[in-house]
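The sequence shown lines up with residues 124 to 543 when you count with the numbering used here. Yeah, the Cβ is synthetic: ideal placement off N, Cα and C, and Gly gets one too. Take a look at the structure set out below.
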Amino acid sequence: MVVAPAGAHAHTVIQEAVSELAGRLPELADRLVARLREGADPEERRLFDAPGFRAAAQAGLGAALQAVASVGRDRSDLRLARRVGRRYAERRIPLETALRAYRLAGALLWEGIADVIAERHPEDVALLVAGAHRTLAMIDQLSTSVTDSYHRAQRGLRDTDLEQAHRTLDALLDGRTPDPRRVARAAARLGLPESGRYVVVAVPSTAVPATGAVWRVRDEVGLGVLPLTTEDLGEVAARLGPLVRGPAGIGLPVDGPAALGAARRSAELALRCAEAEARAGDRPPVVRLDQRLPAALVAAQPELAGQVRQVVLGPLLALERGERETLLETVAVWLACGGSTARAARRLFCHRNTVLARIRRVERLTGRRLGHPREAAEVVLALEAVRLARAAEASGGPGGAPEGQSLPAANWAAWSALLP
124 MVVAPAGAHA HTVIQEAVSE LAGRLPELAD RLVARLREGA DPEERRLFDA
174 PGFRAAAQAG LGAALQAVAS VGRDRSDLRL ARRVGRRYAE RRIPLETALR
224 AYRLAGALLW EGIADVIAER HPEDVALLVA GAHRTLAMID QLSTSVTDSY
274 HRAQRGLRDT DLEQAHRTLD ALLDGRTPDP RRVARAAARL GLPESGRYVV
324 VAVPSTAVPA TGAVWRVRDE VGLGVLPLTT EDLGEVAARL GPLVRGPAGI
374 GLPVDGPAAL GAARRSAELA LRCAEAEARA GDRPPVVRLD QRLPAALVAA
424 QPELAGQVRQ VVLGPLLALE RGERETLLET VAVWLACGGS TARAARRLFC
474 HRNTVLARIR RVERLTGRRL GHPREAAEVV LALEAVRLAR AAEASGGPGG
524 APEGQSLPAA NWAAWSALLP
């Protein structure tokens, strides 16, 4: 760390001082640790008091003395400085602490060399004064090398930390529960709270919006993880609506990161409902699952939904197309109007007696009394199964009409309030 003026005599003087200090390395390490502890905060003191730190300080001072002995070189050996910078970054020690330790070590060695020369060769003290500016220049050069190496290592660590945080988040979304410490580190890296309420938003992977959520793509679905600051999911939907380019689903709120697997499943169900409604053209593209629970039940069990559709509405669906669509539309509107025949008649632009006649016809065909809550619920689920099946058929996806039975697209605008 010290570069004395060239010349055999100067070299000899410096070598003698270095040899003397090499025998005092334990003492020098203790002095360095003591200086570092002065004015340090509690966290830094814990670092400086660790046995491993003192051993590293002693090894670093020894390596620095070797560099001091190499006087007369045109270029400084910066390998030690690079290792110091990288090691401090890897241990998450602040750069300011690293530079302070490095500069104090340099000052300590300079003082030691000066003391030895003043004691043994007082006539040569002028050599140190003449070389002081070169020594300071070297300390700055090495400190710069420490800084550059620290920043390079830190960038690499940030990338690694981010990758690990994303893997942890993926595990949570898959329903696995990593070690709590790993979850805490991932939450801190991603800027998410370790506790509190969360909700997951699902969109097609090709339509991930630029929002404040942390987004991951899993199985061709973009999943946005949002900490909830309010229980009003309407605010989430309002913020998301202008940003999405297609259908989106908002799942049910959950408590803490450990429940993100359940939040993901509910968000994907909401997305399936949103996609079906978007294809039918009768709903906004952003769907909250808490407002589509019957649809979610149907979407979650497509095989059972098909059976419900056939068992409950089979005779009605077998009718001629025009009559079938009229009855489906009438019962959907009547249910949306809370069973009010007068309101349904106004929406359908027909006489209330016509509505009553159609409702009685539906009850005869289905064998379900629409005034009976349980039987009406079966009809609601069957209607939802028909709607989702038609949307799937329109997109060429699974879950369409049973073989040999046509389910052409209808005017679903009248169904828009079926599940308000």
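What are the start and end residues of the beta strand (DSSP E) that includes Ile-216?
That residue, Ile-216, is in no beta strand (DSSP E); it is neither H nor E in DSSP.
Buried or exposed (CB count within 10 angstroms, at least 16 for buried), Val-323:
That one is buried.
Ser-272, buried or exposed, once every other Cβ within 10 Å from all chains shown has been counted against 16:
Per the 10 Å Cβ criterion, buried.
What's the C-alpha gap between Val-431 and Arg-487?
Each residue's alpha carbon lies about 17 Å from the other.
Using the C-alpha atoms, what's the distance from Ala-336 back to Val-144?
Before going on, a small fix: residue 144 reads as Leu here, not Val. Distance between the alpha carbons of Leu-144 and Ala-336 is about 57 Å.
7 Å Cβ cutoff met for Leu-356 and Ala-325:
At least 7 Å separates the beta-carbon of Leu-356 from that of Ala-325.
Go ahead and label Pro-370 buried or exposed: buried means 16 or more other beta carbons lie within 10 angstroms of its beta carbon, across all protein chains shown.
By the 10 Å Cβ count, Pro-370 comes out buried.
Decide if Pro-380 is buried, meaning its Cβ has at least 16 other Cβ atoms within 10 Å, or exposed.
Buried, by the Cβ-count rule.
Per DSSP, what kind of secondary structure is Asp-355 in: helix, strand or coil?
The answer is coil: DSSP assigns Asp-355 none of H, G, I, E or B.
When we look at the beta-carbon of Val-435 and count the other beta-carbons within 10 Å, is it buried (16 or more) or exposed?
It counts as buried.
Helix or strand or just coil, what does DSSP make of Gly-490?
Of the three classes helix, strand and coil, the one that applies to Gly-490 here is coil, per DSSP.
Pro-376 - DSSP class collapsed to helix/strand/coil:
Three-state DSSP puts Pro-376 in coil, outside helix and strand.
Whole-angstrom C-beta distance between Thr-453 and Leu-471, which should lie under 8 Å
Confirmed, about 6 Å.
Rounded to whole angstroms, what is the Cα-Cα separation between Asp-197 and Arg-210?
Caution is warranted here: a pLDDT of 47 is assigned to Asp-197, below 50, making its placement in the model unreliable, and no coordinate value can be reported.
Once the 5 residues before and after Pro-496 are set aside, which same chain residues still bring their CB inside 6 Å of it?
Result list for Pro-496: empty, nothing under 6 Å.
Identify every residue that forms a DSSP beta bridge with Tyr-321.
Residue pairing by DSSP places Tyr-321 opposite Pro-350, Val-377 in a beta bridge.
Name the DSSP beta bridge partners of Val-340, please?
Gly-345, per the DSSP bridge assignment.
Within the chosen definition, does the region 236-251 reach the region 168-180 through at least 3 CB pairs nearer than 8 Å?
No, the region 236-251 is not in contact with the region 168-180.
When we look at the beta-carbon of Gly-374 and count the other beta-carbons within 10 Å, is it buried (16 or more) or exposed?
Around the beta-carbon of Gly-374, 16 or more other beta-carbon atoms lie within 10 Å, marking it buried.
Given a threshold of 16 other Cβ atoms within 10 Å of its Cβ, counted over all protein chains shown, does Ser-268 qualify as buried or as exposed?
Buried.
So, with DSSP's three-state summary, where would you put Pro-365?
DSSP places Pro-365 in the coil class of the three-state scheme, outside both helix and strand.
Taking the alpha helix (DSSP H) that Arg-469 falls in, what are its first and last residues?
Its alpha helix (DSSP H) spans residues 464-471.
Judging by CA-CA distance, which residue of Leu-450, Ala-157, Pro-316, Ala-360 is the nearest neighbour of Arg-228?
The question names Arg, yet the displayed sequence has Ala at residue 228. The shortest C-alpha separation from Ala-228 is found at Ala-157.
Would a check of beta-carbon distances place Ala-221 closer than 7 Å to chain B?
Here there is only one protein chain, and chain B is not present.
Among Val-509, Ala-224, Ala-465, Arg-339, nearest to Thr-291 - alpha-carbon criterion:
Checked all of Val-509, Ala-224, Ala-465, Arg-339; the closest Cα to Thr-291 is Arg-339.
To the nearest angstrom, report how far apart Glu-446 and Thr-489 are at their CA atoms.
Their backbone Cα atoms lie some 15 Å apart in a straight line.
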